[in-house]
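Single-structure report; data block below.
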Amino acid sequence: MGRSYHSIACAGRDNRLRVFTLRRAGEEAGGRGGDWGFDPSRDAEEVEVGVEVWRVAWNALGTVLASTGEDGAVRLWQKGQGGRWTLGRAMARPVRGQGDETVWMERP
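In the UniProt record's numbering, the protein residues as written are 1 to 108.
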């Protein structure tokens, strides 16, 4: 997608999700870079979710991260000001609508 980095998200049983950013060594100095790697003090972020996180998935552009957990809710995360991942929207577990459709109830 034209980015100089890759982002990897991990689910956690400790009520957190983690996002790691991999960059090529030397790119910060304007070089072509070498091997892929990351600096944990700069390129790792933990996000407190409040429930055990079971799965995470990116949207096609890598700008929205979805997570699900033990409470059945789907949470959508986006980078906020300062580059930190913040909760954009949470939807409670699905309920059956009339017919065969599934309806998601937005969490308050």
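Cβ coordinates follow ideal geometry from the N, Cα and C atoms, glycine included.
Under the three-state DSSP convention, the category R13 falls into: Three-state DSSP puts R13 in coil, outside helix and strand.
DSSP puts W77 in a beta bridge; with which residues? Bridge partners of W77: L65, L87.
Measure how close the beta-carbons of L65 and A11 come, nearest whole angstrom, since I'm counting them as under 8 Å. The beta-carbon separation of L65 and A11, rounded to 11 Å, does not stay under the 8 Å limit for a contact.
Cβ-Cβ distance between L17 and V53 below 8 Å: V53 is positioned such that its CB atom lies closer than 8 Å to that of L17.
Does R23 come out as helix, strand or coil in the three-state DSSP assignment? Residue state, collapsed to three classes: strand.
Assign G88 to one of two classes, buried (16 or more other C-beta atoms within 10 Å of its C-beta) or exposed (fewer than that). Answer is exposed; the Cβ neighbour count stays below 16.
Could you check where the beta strand (DSSP E) with E70 kicks off and where it finishes? Careful: E70 lies outside any beta strand (DSSP E) and carries neither H nor E.
Report all residues from its chain with a CB closer than 7 Å to the CB of G50; omit the five preceding and five following residues, and keep chain order. Taken in chain order, the residues that qualify are N15.
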